[in-house]
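Q: Provided herewith is a single structure, encoded as structure tokens, for subsequent inquiry.
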Amino acid sequence: MPDSKPILEFRGVNVHYGPVHVLKDVNIEIRPGEMVCLLGGNASGKTTTLKACLGMVAPSSGDVVVDGEIMTGATTAQIVAKGITMVPENRRLFKRMTVKENLEIGAYLRTDRDHLDDELDAIFEMFPRVKERLGQKAGTLSGGEQQMVAVGRALMAKPKVLLMDEPSMGLAPVLVQQNFEIIEQINKAGVTVFMVEQNANMALSIADRGYVLQTGRIVLDDTAEALVANEDLRKAYLGDADSA
Amino acid sequence: MMTDSAAPPSKPDVRPMTDVDWEKVLRSGALAGLMLSFIAAIGMVTVLDERTMIDPWLSLGYLALVWVPVFFGFTAASEPTPDGGISPVKGERDLLSGLVTGALAGLCFSFFIVLIDTYDMTDIFSNLLPRLVDLLTFDRGIGVAAAIWIVGCALLGLCGGAAQVVSARVKRMLSWAFVGVAIVAMLEAVIIDLSQGLRVEFVTDFMYAKNGGLTTGAAIILGAIFGAAGFQSSDKTFDQRRQERMSQPKEVLLRKNMVAAGVAILAVIFVPMVVGGLTNELLANVGLFVLLGLGLNIVVGSAGLLDLGYVAFFAVGAYTTAILTSPLSPYWVPELTLDFFSWEDWFWKGWVIVAVVLVMAAISGILVGTPVIRLRGDYLAIVTLGFGEIVRILFLSDWLSPYFGGAQGVTNIPSAAIGPVEIQGTSSQSIFYLTAVFVVIAIYVAWRLQSSRTGRAWSALREDEDVAEAMGINTTAVKLTAFVTGAVLAGFAGMIFAVKVGSVFPISFKLLVSIIILVIVIVGGMGSIAGVIVGAVVLIGVLGGPTQPGLLQEFGQFKLLIYGALLVIMMLKRPEGLWPSVRRQRELRHEELNQDAWLTGTPGTDEEEDDA
Numbered sequence: 348m349p350d351s352k353p354i355l356e357f358r359g360v361n362v363h364y365g366p367v368h369v370l371k372d373v374n375i376e377i378r379p380g381e382m383v384c385l386l387g388g389n390a391s392g393k394t395t396t397l398k399a400c401l402g403m404v405a406p407s408s409g410d411v412v413v414d415g416e417i418m419t420g421a422t423t424a425q426i427v428a429k430g431i432t433m434v435p436e437n438r439r440l441f442k443r444m445t446v447k448e449n450l451e452i453g454a455y456l457r458t459d460r461d462h463l464d465d466e467l468d469a470i471f472e473m474f475p476r477v478k479e480r481l482g483q484k485a486g487t488l489s490g491g492e493q494q495m496v497a498v499g500r501a502l503m504a505k506p507k508v509l510l511m512d513e514p515s516m517g518l519a520p521v522l523v524q525q526n527f528e529i530i531e532q533i534n535k536a537g538v539t540v541f542m543v544e545q546n547a548n549m550a551l552s553i554a555d556r557g558y559v560l561q562t563g564r565i566v567l568d569d570t571a572e573a574l575v576a577n578e579d580l581r582k583a584y585l586g587d588a589d590s591a
Numbered sequence: 004m005m006t007d008s009a010a011p012p013s014k015p016d017v018r019p020m021t022d023v024d025w026e027k028v029l030r031s032g033a034l035a036g037l038m039l040s041f042i043a044a045i046g047m048v049t050v051l052d053e054r055t056m057i058d059p060w061l062s063l064g065y066l067a068l069v070w071v072p073v074f075f076g077f078t079a080a081s082e083p084t085p086d087g088g089i090s091p092v093k094g095e096r097d098l099l100s101g102l103v104t105g106a107l108a109g110l111c112f113s114f115f116i117v118l119i120d121t122y123d124m125t126d127i128f129s130n131l132l133p134r135l136v137d138l139l140t141f142d143r144g145i146g147v148a149a150a151i152w153i154v155g156c157a158l159l160g161l162c163g164g165a166a167q168v169v170s171a172r173v174k175r176m177l178s179w180a181f182v183g184v185a186i187v188a189m190l191e192a193v194i195i196d197l198s199q200g201l202r203v204e205f206v207t208d209f210m211y212a213k214n215g216g217l218t219t220g221a222a223i224i225l226g227a228i229f230g231a232a233g234f235q236s237s238d239k240t241f242d243q244r245r246q247e248r249m250s251q252p253k254e255v256l257l258r259k260n261m262v263a264a265g266v267a268i269l270a271v272i273f274v275p276m277v278v279g280g281l282t283n284e285l286l287a288n289v290g291l292f293v294l295l296g297l298g299l300n301i302v303v304g305s306a307g308l309l310d311l312g313y314v315a316f317f318a319v320g321a322y323t324t325a326i327l328t329s330p331l332s333p334y335w336v337p338e339l340t341l342d343f344f345s346w347e348d349w350f351w352k353g354w355v356i357v358a359v360v361l362v363m364a365a366i367s368g369i370l371v372g373t374p375v376i377r378l379r380g381d382y383l384a385i386v387t388l389g390f391g392e393i394v395r396i397l398f399l400s401d402w403l404s405p406y407f408g409g410a411q412g413v414t415n416i417p418s419a420a421i422g423p424v425e426i427q428g429t430s431s432q433s434i435f436y437l438t439a440v441f442v443v444i445a446i447y448v449a450w451r452l453q454s455s456r457t458g459r460a461w462s463a464l465r466e467d468e469d470v471a472e473a474m475g476i477n478t479t480a481v482k483l484t485a486f487v488t489g490a491v492l493a494g495f496a497g498m499i500f501a502v503k504v505g506s507v508f509p510i511s512f513k514l515l516v517s518i519i520i521l522v523i524v525i526v527g528g529m530g531s532i533a534g535v536i537v538g539a540v541v542l543i544g545v546l547g548g549p550t551q552p553g554l555l556q557e558f559g560q561f562k563l564l565i566y567g568a569l570l571v572i573m574m575l576k577r578p579e580g581l582w583p584s585v586r587r588q589r590e591l592r593h594e595e596l597n598q599d600a601w602l603t604g605t606p607g608t609d610e611e612e613d614d615a
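For the protein sequence lines, the chains are A and C, in the order given.
For the first sequence, my numbering begins at 348 and goes up steadily by one.
For the second sequence, my numbering begins at 4 and goes up steadily by one.
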């Protein structure tokens, strides 16, 4: 698998917000079936990286390549149609719509709309709770349930690559654990996962590989084991207490 | 959590007299006095006095004052509990609160009367005329008048306070009787119109006095009938009944809806035949604004784009029709008249104009929409407001006056025809039928769109634009769809307007029109089709449109004041609108419940800490 063609690739991507140089010559390669995490502190450019994946910000130079096809300049809709979906930070469900409507929006671009029930069934199997809540307003769910719906909504698009923006943000520790188990499960089912996370320990415990972003530049790029063992990284992100 | 929530307060059946919230009573009394003076000072009493409600002793002018002490007496006596409800503990204190509030209001108002009697302030307040003083002093001395106002207001305030004490059933009986009689008195013109159509004039001859107003006998009989009906009515609110209705099985609901739709269609077909010109004129105006409201409802209610320049598309529709059909226009196409299904001539030619209007409205929707669509919220509102004015000023401009006639507009727009029936601007009945056809089309389109994929995308867009985009929704295209759909419906309304009036002038397309359409949508209930109809009936039918007189023609010059007051009251008391969509009602009520739950410390309906 490691030598297969990358499904998502950043080739020397630069992003500017006006005069601010946010991403500096970023190179990322994600192969099918991998689980890759992107680590970094605040304002290091993590969310911008995800936005660039989805074409929500345009790179000033460099290319975003999806499945061998250069998608620079493509609209978000075109990129989503290529099989990339995102679970946004803080879940951001459509709170006033029902759970079912949220899931349906996830499948907005699907052309095989007759087969939506298959995905729904798969999601219900993974999250039986979602089935019970189907007619309820998404905003009335608990945090954990909202996370399930957010993941379900993304899966409704039948993605090849699932982008996860800070999956542990705003969740109770028990739920964070549960959430990472879900991500692992989705990855095992064959979906490539690209995850942005501040909780480096947790992310590296399930990821295959990791990139470390610092003020818009990739400073480290290695397997998860190697990153956990890396002294510099441990000092910067993991905290010595955790490594004991 | 409230600290004392554990110990429920003991509930005596009757609160002691001394337990009056004097500060509140003082405040309510002063406010009521100010309100009375304000209503008098803006000239409402003088103008509305022309209209008799109950012959010979009650005019609409006095009615405009009478409700004030009752209302403030009622609110002064009410004591809200932390959860927003009304305290169940009732008693003499409520009566006392009401009485004192009313007396205070009367006192303040008497001061006002003395003031305007003593000083001539007509230079500044042009409505403070001697006639007003005569009305307010009942043509008697100022001292007698003051006594009458103080005692009268105190008694009215007492009634308000008493309304707190009596059982819900009695309260309902009284309010039904009062509101019922008031409505029948207000609807005088329409009821007479209808009775003439049905050839039962003898009923109205008995009910209404010769020079207007209900006869005292009729008022008493009607009061008794409405009171009895109110006494018998169930104690469920409109919303509770609606909720019950909604929880019925789907098939039953569908069948009932079909029956209701059938009845509505029959009413639309047959009612205009029975009623006279006046009612038809009102119905036609209401229909026109329903069409406009449905269009704006898609833009604002469904897609959440606040468009304050909506009148522009109305103008485009009207001018397109005018230019194509008026012999005075340089682009007159003599072959094209608004002739639907004419057998002799070219069968489809009326629809050609419809198609041209559709295309022009859609093009203008795209032209206005494309540059502004990336803006959000307030920015969008302001820019669309500007575009609306630009369109009006273009039609008014000298530069384009060879085409649009400038301030002179385009006149001589011929009538339309459906088959053999000719629709003339002068015959409101036929205009109503034409409007009804387009309203039915619009309702169908709006209804289908609501549950469509596009409708879902609009909801998502309204909720969270960024995430909607991340889900692959092409936000620009979807927003533009909403804009264009709304524009086309407004274009049709413009076409009907042009035929109805027979001439179009830029002055008909002021900003006020956009705002009134928006108020219809908000008052009716955003995102609700039925709400738009209710809103249009209330605002256009009863109060009157921007230039169209409504049922209460006397209110004409106070229309904007009442619109404003209505909007404020709606936002405070019923933000979801008069007839909200089920979805929106749930949203707003739910949020309220949660806030209350937080206040009272009772568990809310949604927080569940069960994620083990």
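From the three backbone atoms N, C-alpha and C, an ideal C-beta is built for every residue, glycine too.
Computed from a prediction, not measured in an experiment: that's the story for all the values here.
To the nearest angstrom, how far is the alpha carbon of A306(C) from that of G489(C)?
A: For A306(C) and G489(C), the distance between alpha carbons rounds to 11 Å.
Q: Based on Cα-Cα distance, which residue from L308(C), G215(C) and A67(C) lies nearest to A384(C)?
A: For the residues L308(C), G215(C) and A67(C), the minimum Cα distance to A384(C) belongs to L308(C).
Q: Near L361(C), which residues of its chain fall below 7 Å by C-beta distance, leaving aside the five closest residues on each side in sequence?
A: Cβ within range, chain order: V491 and G494.
Q: Looking at chain C, is there any beta carbon in it that lies within less than 9 Å of the beta carbon of L401(A)?
A: Yes, L401(A) counts as interfacial toward chain C.
Q: Is it buried or exposed for E612(C), if we count other Cβ within 10 angstroms and need 16 for buried?
A: Bear in mind that the predicted position of E612(C) carries a pLDDT of just 36, short of 50, making it unreliable; the figure below should be weighed with that in mind. Exposed.
Q: Compute the distance between the beta-carbons of E451(A) and R459(C), then report whether it is under 9 Å.
A: Cβ atoms of E451(A) and R459(C): closer than 9 Å.
Q: Between the segment 435 to 466 of chain A and chain C, which residues of the former have a C-beta closer than 7 Å to a C-beta of the latter?
A: Per Cβ criterion, the list reads P435, R439, F441, K442, R443, M444, E448, E451, I452, G453, Y455 and L456.
Q: Please state the DSSP three-state secondary structure of K371(A).
A: Looking at K371(A) - three-state DSSP - the assignment turns out to be strand.
Q: Here's the rule: buried if 16 or more other CB atoms are within 10 angstroms of the residue's CB, otherwise exposed. What is W25(C)?
A: Counting Cβ neighbours within 10 Å, W25(C) comes out exposed, since fewer than 16 surround it.
Q: Pull the bridge partners of G547(C) from the DSSP assignment, please.
A: Answer by DSSP bridge pairing, in chain order: P552(C).
Q: Taking C-beta pairs closer than 8 Å, name the residues in chain A that S404(C) reaches, listed in chain order.
A: Simply none; closest approach about 43 Å.
Q: Under a CB-based cut-off of 9 Å, is M549(A) close to chain C?
A: False, the Cβ-Cβ gap to chain C never drops below 9 Å.
Q: Within 9 Å of any Cβ in chain A, is that where the Cβ of R377(C) sits?
A: For R377(C), the answer is no, since every Cβ of chain A falls outside 9 Å of its Cβ.
Q: With distance defined between alpha-carbon atoms, name the residue in K174(C), S511(C) and T207(C) nearest to E392(C).
A: The shortest C-alpha separation from E392(C) is found at S511(C).
Q: When Cβ atoms are compared, which residues of the segment 457 to 476 of chain C fall closer than 9 Å to chain A?
A: Those residues of the segment 457 to 476 of chain C that come within reach of chain A (Cβ to Cβ, closer than 9 Å) are R459, A460, S462, A463, R465, E466, D467, D469, V470, A471, E472, A473, M474, G475 and I476.
Q: State the DSSP-derived secondary structure class of D512(A), mapped to helix, strand or coil.
A: In this structure, D512(A) counts as strand in the three-state DSSP scheme.
Q: Give every residue of the same chain whose Cβ lies closer than 6 Å to the Cβ of A364(C), excluding the five residues on either side of it in the sequence, and list them in chain order.
A: If we look at A364(C) and ignore the five residues flanking it on each side, its Cβ neighbours are F316, V319, G320, A490, V491 and G494.
Q: If I follow the unbroken beta strand (DSSP E) through F541(A), where does it start and stop?
A: From DSSP, the beta strand (DSSP E) with F541(A) extends over T539 to E544.
Q: Spatial neighbours of T605(C) within its chain, please: CB distance less than 7 Å, with the 5 preceding and 5 following residues excluded, ordered by chain position.
A: With a pLDDT of 44 at T605(C), under the threshold of 50, the predicted position of this residue should be treated as unreliable, though the coordinate-derived value follows. Cβ neighbours of T605(C) beyond the five flanking positions: none.
Q: Do G76(C) and L161(C) count as a contact pair if the criterion is CB distance below 9 Å?
A: It is a contact, given that the beta carbons lie within the stated cut-off.
Q: Would you mind telling me which residues of chain C sit closer than 7 Å to T423(A), beta carbon to beta carbon, in chain order?
A: Chain C residues near T423(A): E472, A473 and G475.
Q: Would you kindly check if the distance between the Cβ of Q411(C) and the Cβ of F3(C) is under 9 Å?
A: It is not possible to answer for residue 3(C), since the shown part of chain C is limited to 4 through 615.
Q: Count the other C-beta atoms from every protein chain shown that fall within 10 angstroms of the C-beta of S517(C), then say buried if there are 16 or more, exposed otherwise.
A: Looking at its Cβ environment, which holds 16 or more other Cβ atoms inside 10 Å, S517(C) is buried.
Q: Taking V362(A) and V404(A) to be in contact with their CB atoms under 8 Å, please state how far apart those CB atoms are, rounded to whole angstroms.
A: Confirmed, about 6 Å.
Q: Shortest alpha-carbon distance to V386(C) belongs to which of L399(C), V371(C) and F398(C)?
A: When only C-alpha atoms are compared, the closest one is V371(C).
Q: Please report the distance separating the alpha-carbon of T219(C) from that of D58(C).
A: About 6 Å.
Q: When the distance is taken between beta carbons, is V442(C) closer than 9 Å to L297(C)?
A: Contact: yes.
Q: Could you compute how far the alpha carbon of Y313(C) sits from the alpha carbon of I366(C)?
A: If you take the alpha carbons of Y313(C) and I366(C), they lie about 14 Å apart.
Q: Run through the DSSP bridge pairs and tell me what T445(A) is partnered with.
A: K484(A), per the DSSP bridge assignment.
Q: Below 8 Å on the Cβ atoms is my contact criterion, and I expect I434(C) with K503(C) to pass it. Report the Cβ-Cβ distance as a whole number of Å.
A: Between K503(C) and I434(C) the Cβ distance is about 5 Å, and since that is below 8 Å, they are a contact.
Q: Rank A390(A), V367(A) and T396(A) by C-alpha distance to the C-alpha of I375(A) and give the top, closest one.
A: The shortest Cα separation from I375(A) among A390(A), V367(A) and T396(A) belongs to T396(A).
Q: For A504(A) and chain C, any beta-carbon pair shorter than 9 Å?
A: It does; some Cβ of chain C falls within 9 Å.
Q: For the putative contact between R314(A) and I354(A), defined by C-beta atoms under 8 Å, what is the C-beta separation to the nearest angstrom?
A: No answer is possible for residue 314(A): it lies beyond the span of chain A, which begins at 348 and ends at 591.
Q: Could you name the residues of the same chain whose beta carbon sits closer than 6 Å to that of G491(A), not counting the 5 residues immediately before and after it, in chain order?
A: L522.
Q: Under 9 Å between C-beta atoms, does T419(A) make it to chain C?
A: Chain C contact via Cβ: absent.
Q: Taking the straight line between their C-alpha atoms, what separation do you get for G105(C) and I45(C)?
A: Rounded to the nearest angstrom, the two C-alpha atoms are 21 Å apart.
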